[in-house]
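Below: the structure, in structure tokens.
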Amino acid sequence: MVDAARALCIVVVTLWHWTLSVTHRTAAGNLTMPNPIHAVPGGWLATWVLQIMPVFFLVGGYANLVGWERARARGTTASQFVRSRLRRLLWPTAAWALIWLAGELIAAALPGSHRWMWEWFPGYLTPLWFLAVYGLLIATVPITASLNARYGAGVLAALVLLIALGSVAHRGAGLTWAGWVTAALVWLFCHQLGYAWRSWELGRRPLAQRLAVAGTGLAGLVGLTTVAGYPASMVSTVGVESNIFPTNAAIAALAVFQLGLLVLITPAVERLLRRPAVWKPVVALNVAALTVFLWHMTAYLVVLWVYEGLGGTLPAEPTAGWWAQRWLWLVAPSVVMVVLVALFVRIELAARRPRGKT
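Residue numbers are given in the working numbering: position 226 of the sequence shown equals residue 256, and the series is strictly consecutive.
This is the structure we're talking about:
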């Protein structure tokens, strides 16, 4: 189930950026990529399922706890475990960064003016905040996993209290720094929920208990968005305060709700995954998950360049013509993505090979 959830995260993030971003040029020639949620009546509700970043951290917490338990059983030290996990994350990321930096430096050395990527297409780099946050969470696994083993639900309760206090300080007292502290606590909470998913075997609990998890998250979401004034959309939306930058309590409630949905469908998904036709694509996508995450925006940008080079114009609003083109922005980047995965997945595979006692 966890592998299927990770594969789902990669697919949703990739397809959202490719097909549900109204990417267009600003007056200054920069590329911006808002989503069309504001133009779709009731579109905010879809974000309660399709804002998939909490699931990334739920899956990460589950997988990191499994890895930590196995490492401890083998006698692996905490530092060895953290180095091994960070290597899996950093090698592919470093390769991506070095290749793009080399391209930027070559472009800057050529005659004519040059603008750096972060100046004309900052949206290209935005998804990478996940890697920084996730890397920090990996570094804390020996501590947070030990706290989970010793205190269990008490850790989650303490994090909920701290998130509530941070929210009051940020939204009530107007302390900007408290918003960013709260954001860090929210992602730690999501990761810790992944521990609970694993430790308590939530996917195998009685139906009533699994419904209770989903119901608790849903109640929290409804309360925060209707009573406490948090935005209903879980993604950044034109003209509306963002729940994601900085991440707030609504995302914490969303994580509980989405965990509830995952454990509710676990029995059905596990039966489905017994079929080779379903399981094999899930395995294949998990093998290249980080590669796809890192390079999917490159695939998108290549298609954007070709499209504009052939005389295409990027609409600034989700018009009927924009919707009619969604198939193109699914198929064309997919073709480029296959090539990029073939070139770079070996780095991800090499990073996973064990070195000594890891």
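Just so it is clear, CB atoms sit at the ideal spot from N, CA and C, and this is done for glycine as well.
Being a predicted model, the structure only gives us computed values, none of them experimental.
Go through its chain and collect everything with a Cβ distance to Glu271's Cβ below 6 Å, but skip five positions before and after it.
Cβ contact annotation for Glu271 (same chain, cutoff 6 Å, sequence separation greater than five): Pro261, in chain order.
Own chain residues within Cβ distance below 8 Å of His47, not counting five before or after
Sequence-distant Cβ neighbours of His47 in its own chain, meaning closer than 8 Å and more than five residues away, are Met63, Pro157, His326, Met327 and Tyr330.
How about His54 and Ala346: are their beta carbons less than 7 Å apart?
Cβ atoms of His54 and Ala346: closer than 7 Å.
Short check: CB of Gly247 to CB of Val293, under 7 Å?
If you check the CB distance, Gly247 and Val293 do not come in under 7 Å.
Give the DSSP-derived three-state secondary structure of His68 in the structure shown.
His68 falls in the helix class under three-state DSSP.
What span of residues does the alpha helix (DSSP H) with Pro122 cover, start to end?
Run containing Pro122: Ala108 to Ala139, per the alpha helix (DSSP H) assignment.
Kindly identify the DSSP beta-bridge partner or partners of Arg55.
Paired residue(s): Leu61.
Throw me the rounded Cβ distance for the Leu303 and Ala34 pair, which I believe falls under 8 Å.
That pair is a contact at about 6 Å.
So Trp150 is in the alpha helix (DSSP H); what residue range does that whole segment cover?
DSSP places Trp150 in the uninterrupted alpha helix (DSSP H) bounded by Met147 to Trp150.
By Cβ distance, which residues of its chain are closer than 6 Å to Lys387, with the 5 residues on each side in sequence left out?
Caution is warranted here: a pLDDT of 44 is assigned to Lys387, below 50, making its placement in the model unreliable, and the coordinate value is therefore given only provisionally. Result list for Lys387: Thr106 and Gln110, in chain order.
For Thr77, which residues from the same chain have a beta carbon less than 7 Å from its beta carbon, with the 5 sequence-adjacent residues on both sides left out?
Within the same chain, Cβ atoms closer than 7 Å to the Cβ of Thr77 are found at Ile67, Ser263, Met264 and Val265, the five residues on either side in sequence being excluded.
Could you tell me the alpha carbon to alpha carbon distance between Thr267 and Leu50, rounded to whole angstroms?
Take the alpha-carbon of Thr267 and the one of Leu50: they are about 12 Å apart.
Can you check which of these residues, Arg117, Phe287, Val317 and Tyr225, is closest to Arg240 by C-alpha distance?
Distances from the alpha-carbon of Arg240 to those of Arg117, Phe287, Val317 and Tyr225 put Phe287 closest.
Would Tyr164 pass as a contact of Gly224 if the rule is Cβ separation under 7 Å?
Gly224 is positioned such that its CB atom lies no closer than 7 Å to that of Tyr164.
Per DSSP, the bridge partner or partners of Thr49:
Bridge partners of Thr49: none, in fact.
Suppose you measure from the CA of Gly184 to the CA of Gly196; what does that come to, to the nearest Å?
Their Cα atoms are separated by approximately 18 Å.
Please state the DSSP three-state secondary structure of Thr23.
Outside the modelled stretch of the chain, which goes from 31 to 388, sits residue 23, for which no answer is possible.
Under the rule that 16 or more other beta-carbon atoms within 10 Å means buried, what is Arg115, buried or exposed?
By the neighbour-count rule (16 or more Cβ atoms within 10 Å), Arg115 is buried.
Close-in-space but distant-in-sequence residues of the same chain around Ala208 (CB under 7 Å, 5 per side omitted):
Counting only residues of its own chain and dropping the five nearest sequence neighbours on each side, Ala208 has a CB closer than 7 Å to the CB of Gly196, Ala199 and His200.
Under the three-state DSSP convention, the category Pro363 falls into
If DSSP states are grouped into helix, strand and coil, Pro363 belongs with the helices.
Backbone secondary structure at Tyr260 - three-state DSSP:
Three-state result, Tyr260: coil.
Residues near Ala137 in its chain [Cβ-Cβ closer than 7 Å; skip 5 each side]
Within the same chain, Ala137 has close Cβ partners His144.
Quick one: measure Cβ to Cβ for Asn278 and Ser229, integer angstroms, because I've assumed they're closer than 8 Å.
Not really, about 26 Å apart at Cβ, beyond 8 Å.
So, for Val308: in the same chain, excluding its five sequence neighbours on each side, which residues have a beta-carbon less than 7 Å away from its beta-carbon?
Within the same chain, and ignoring the five residues on either side of Val308 in sequence, the residues whose Cβ sits closer than 7 Å to its Cβ are Leu302.
Top-ranked residue by Cα proximity to Leu379, from His221, Leu320, Phe219 and Leu358:
Checked all of His221, Leu320, Phe219 and Leu358; the closest Cα to Leu379 is Leu320.
In whole angstroms, what separates the C-alpha of Ala69 from that of Ile295?
A straight line joining the alpha-carbon of Ala69 with that of Ile295 spans about 31 Å.
Spatial distance of Val368 from Glu300 (CA atoms)
Roughly 28 Å separates the two Cα atoms.
Do Thr123 and Leu155 have their C-beta atoms closer together than 7 Å?
For Thr123 and Leu155, no; Cβs fall outside 7 Å.
Is Val322 near Ile40, with beta carbons less than 7 Å apart?
With a cutoff of 7 Å on beta-carbon distance, Val322 and Ile40 are scored as near each other.
Whole-angstrom C-beta distance between Val216 and Ala409, which should lie under 8 Å:
Examination of residue 409 is not possible in this model, given that the chain is present from 31 through 388 alone.
I need the straight-line Cα distance from Leu254 to Leu191, nearest angstrom please.
In this structure, the straight-line span from the alpha carbon of Leu254 to that of Leu191 is close to 15 Å.
Can you find the residues in the same chain that come closer than 7 Å, C-beta to C-beta, to Trp74, ignoring five residues on each side of it along the sequence?
Only Ile67, Ala262 and Ser263 meet the Cβ criterion.
Helix, strand or coil: which one does DSSP assign to Ile173?
Residue state, collapsed to three classes: helix.
Could you check which residue in Tyr337, Leu95, Val336 and Leu251 has the C-alpha nearest to that of Asn273?
Answer by Cα proximity: Leu251.
Gly269, DSSP secondary structure in three states
Here Gly269 sits in coil by DSSP.
Taking its Cβ as the centre, do 16 or more other Cβ atoms sit within 10 Å of Pro363, making it buried, or is it exposed?
By the 10 Å Cβ count, Pro363 comes out buried.
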